[in-house]
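As structure tokens, the structure follows; a few thoughts come after it.
Numbering (my numbering), first residue to last: 13 to 282.
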């Protein structure tokens, strides 16, 4: 095992997102271990990743929850930061995580959303109001002190939920009495979000809620409207938040029926 300057691991799950190479370069530059989980990636994409001095884990089929669990378990170092491929670290962010994980089991950083036009600015403001200010154990970025958490938790991310994996993790860490330290200095920058991609996320969240309910897993939910930031949203931004939650709810109702049927069929063939 190569001795790293910064003895921590950054875990990045991705399918075929080439933006992951930006994050890889940032991690290597500060001397931390970079572990990319190829989440149903193509052979060509994985082969290109293998030209870099990084660790790689591979899953045959895309499953974000399982990819995160595999990454956390496979990390060389106990201090771990969970990152997304469509984000970049701010200056000294990894150093902040490294220091704070000496004192805290969980550290959440600040996610700043980029915006390029009216639509992406609207989405960025809504995301900031509804996710960034919620100080739960949500990623990205999320720092984990692995050994300390394993004293309280049997696993990190439920492999069968598919989406909303951090909401299920958050519910269990609250039940275990584990606090999250919020560090506004540990900044990452999220690429601008477009309308269809963000609403696709809403649909995925809805499916995650449905699957968790069918599996009997509790999720930690926060009222997106209950924050000072949310109260300051413009009329257009409020309408978009309503649209986001409507898509999420419709997806939840659809997948609650479909996944219930699928799980029943799978159970009958065992």
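For each residue, glycine too, the CB sits at the ideal point set by N, CA and C.
None of the values given here were measured: they were computed from a predicted structure.
Which residue marks the beginning of the alpha helix (DSSP H) containing residue i, and which one marks its end?
i: residue 136; result: 130–139
i: residue 217; result: 207–227
i: residue 105; result: 105–112
i: residue 242; result: 240–243
Going by C-alpha to C-alpha distance, which of the options sits closest to residue i?
i: residue 174; options: 267, 98, 56; result: 267
i: residue 194; options: 134, 59, 118, 208; result: 118
i: residue 51; options: 43, 59, 79; result: 79
i: residue 252; options: 181, 134, 148, 224; result: 134
i: residue 16; options: 83, 28, 53, 87; result: 87
i: residue 263; options: 212, 138, 71, 102; result: 212
i: residue 187; options: 123, 165, 202, 196; result: 165
i: residue 33; options: 265, 64, 130, 150; result: 64
i: residue 53; options: 62, 66, 71; result: 71
i: residue 149; options: 102, 94, 236, 76; result: 94
i: residue 155; options: 176, 208, 96, 171; result: 96
i: residue 151; options: 62, 99, 47, 206; result: 99
i: residue 58; options: 101, 30, 91; result: 30
Grab me the residues of residue i's own chain with a C-beta within less than 6 Å of its C-beta, minus the 5 sequence neighbours each way, in chain order.
i: residue 198; result: 105, 108, 109, 121
i: residue 204; result: 126, 127, 128, 132
Could you check the C-alpha separation between residue i and residue j for me, to the nearest Å?
i: residue 296; j: residue 228; result: No answer is possible for residue 296: the residues shown for the chain start at 13 and end at 282.
i: residue 24; j: residue 258; result: 30 Å
i: residue 161; j: residue 179; result: 16 Å
i: residue 272; j: residue 37; result: 43 Å
i: residue 223; j: residue 167; result: 18 Å
i: residue 249; j: residue 147; result: 21 Å
i: residue 113; j: residue 163; result: 16 Å
i: residue 153; j: residue 219; result: 23 Å
i: residue 265; j: residue 238; result: 24 Å
i: residue 28; j: residue 240; result: 37 Å
i: residue 202; j: residue 138; result: 14 Å
i: residue 278; j: residue 84; result: Any reading at residue 278 must be qualified, since the residue scores a pLDDT of 48, below 50, and its modelled position is unreliable; the value itself is stated next. Taking the straight line joining both Cα atoms gives about 29 Å.
i: residue 26; j: residue 216; result: 16 Å
i: residue 226; j: residue 182; result: 18 Å
i: residue 76; j: residue 49; result: 9 Å
i: residue 234; j: residue 40; result: 35 Å
What three-state label does DSSP hand residue i in the structure shown?
i: residue 52; result: coil
i: residue 100; result: strand
i: residue 155; result: strand
i: residue 16; result: coil
i: residue 47; result: strand
i: residue 231; result: coil
i: residue 94; result: strand
i: residue 69; result: strand
i: residue 63; result: coil
i: residue 77; result: helix
i: residue 31; result: coil
i: residue 184; result: helix
i: residue 147; result: coil
i: residue 57; result: helix
i: residue 169; result: coil
i: residue 258; result: helix
i: residue 177; result: helix
i: residue 88; result: coil
i: residue 115; result: coil
i: residue 282; result: Note that residue 282 has pLDDT 49, beneath the 50 cutoff, so the model's placement of it is unreliable and the number below is only indicative. Three-state result, residue 282: coil.
Could you check where the beta strand (DSSP E) with residue i kicks off and where it finishes?
i: residue 194; result: 193–202
i: residue 125; result: 118–125
i: residue 24; result: 21–26
Starting from the C-beta of residue i, find all residues in its chain whose C-beta is less than 7 Å away, skip the five residues before and the five after it, and write them out in chain order.
i: residue 89; result: 19, 20, 21, 45
i: residue 208; result: none
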